[in-house]
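In the numbering used here, the protein residues as written are 10 to 154. A short write-up of the structure that comes next.
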Amino acid sequence: MIRRAKVKRVHPTKKVIASLLLFTLEIATLYEGALATLPKQCDAKCEFFRCAKKAIIRPMGNPRRGSASQGVLICRETGEECLGPKCQYATCIRNALLPNGICGLEYRMEKRHVRSIEQEVKKFEEKYSNVLGKFKGKKITEDML
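In structure tokens:
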């Protein structure tokens with residue numbers, strides 16, 4: 010009897026989300042303007058970055074000067090420089106690390122596009138024009154909408 014190795018399956022929605030994020034980033038690199046400003050990659054020196062195995066060695070700065078760790082971060086597991094978001098044990102305290110290694114806090118802090126009242130009215134007119142077309146020939150009052 011041949012045993013098959015168990016394959017870790019990724020939920021299909023996670024695959025779709027990851028592929029959509031990669032697709033949007035590819036589009037952003039192609040176009041200039043508002044989309045050309047790509048969000049920054051996650052960095053291991055970020056205050057919210059953590060290792061799930063707690064294997065990061067952070068060199069300490071001088072506490073009297075108030076300096077944070079500015080040197081190279083070392084992984085205890087490999088003994089080399091920390092890979093950052095490329096490592097499989099990379100996590101973010103704020104749950105902002107996206108699957109492609111981009112910091113999700115950049116997306117959250119972006120300015121939201123605020124639509125004007127005229128744009129909102131136009132949107133609702135388009136939406137309800139289909140409804141009005143269904144009731145052709147019948148008397149329509151404001152209460153029906």
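In this text, a Cβ means the ideal position worked out from N, Cα and C, and glycines have one as well.
Beta carbon of CYS91 nearer than 9 Å to that of CYS51: Position 82 of the sequence shown, counted from the start, is the residue given in the question as residue 91. Position 42 of the sequence shown, counted from the start, is the residue given in the question as residue 51. Taking 9 Å as the Cβ cut-off, CYS91 and CYS51 do not qualify as a contacting pair.
Beta-carbon proximity list for CYS96, same chain, < 8 Å, skipping 5 on both sides: Start at 1 with the first residue of the sequence shown, and residue 96 comes out as number 87. Cβ neighbours of CYS96 beyond the five flanking positions: CYS60 and CYS84.
Which of helix, strand or coil DSSP assigns to PHE133: Locating residue 133 in the sequence shown gives position 124, counting from the first residue. It is helical.
Reduced DSSP secondary structure (H/G/I, E/B, other) of GLU127: Counted from its first residue, the sequence shown places residue 127 at position 118. In this structure, DSSP gives GLU127 a helical state, which the three-state scheme calls helix.
Alpha carbon of GLU155 to alpha carbon of SER125, nearest angstrom: This structure cannot settle anything about residue 155, because the visible part of the chain is limited to 10 through 154.
Three-state secondary structure assigned by DSSP to GLU115: Against the sequence shown, residue 115 aligns to sequence position 106. Residue state, collapsed to three classes: helix.
Backbone secondary structure at ASN139 - three-state DSSP: Residue numbering aside, residue 139 sits at position 130 when the sequence shown is read from its first letter. DSSP places ASN139 in helix when its eight states are reduced to three.
According to DSSP, residues forming a beta bridge with GLU90: As a first step, residue 90 is located in the sequence shown; it is residue number 81 there, counting from the start. In the DSSP output, where bridge partners are listed per residue, GLU90 has ILE83.
PHE58 and THR100 closer than 9 Å at C-beta: Mapped onto the sequence shown, residue 58 falls at position 49. Mapped onto the sequence shown, residue 100 falls at position 91. In this structure, THR100 lies closer than 9 Å to PHE58 by Cβ.
Cβ neighbour criterion (16 or more within 10 Å) applied to PRO94: Your numbering for residue 94 matches position 85 in the sequence shown. Classification for PRO94: buried.
Inter-residue CB distance, LEU82 and ALA105 (contact presumed, cutoff 8 Å): As a first step, residue 82 must be located in the sequence shown, where it is residue number 73. As a first step, residue 105 must be located in the sequence shown, where it is residue number 96. Their Cβ separation, rounded to whole angstroms, is 19 Å, which puts LEU82 and ALA105 out of contact at 8 Å.
Same chain, Cβ closer than 8 Å to ILE66, neighbours up to 5 away in sequence not counted: Along the sequence shown, read from residue 1 onward, the residue named residue 66 stands at position 57. Correct list, in chain order: LEU82, ILE83, CYS84 and ARG85.
Residue nearest to GLU56 in terms of C-alpha spacing, selected from TYR137, GLU129, SER138 and LEU114: Residue numbering aside, residue 56 sits at position 47 when the sequence shown is read from its first letter. The shortest Cα separation from GLU56 among TYR137, GLU129, SER138 and LEU114 belongs to LEU114.
Span separating the alpha-carbon of GLU129 from that of PRO48: Reading the sequence shown from its first residue, position 120 is the one you call residue 129. Reading the sequence shown from its first residue, position 39 is the one you call residue 48. Cα to Cα, GLU129 sits roughly 29 Å from PRO48.
Close beta carbons around GLY80, own chain, < 7 Å, minus the five adjacent residues each side: The count along the sequence shown starts at 1 and reaches residue 80 at position 71. For GLY80, where only same-chain residues beyond five positions count, the Cβ hits under 7 Å are PRO68.
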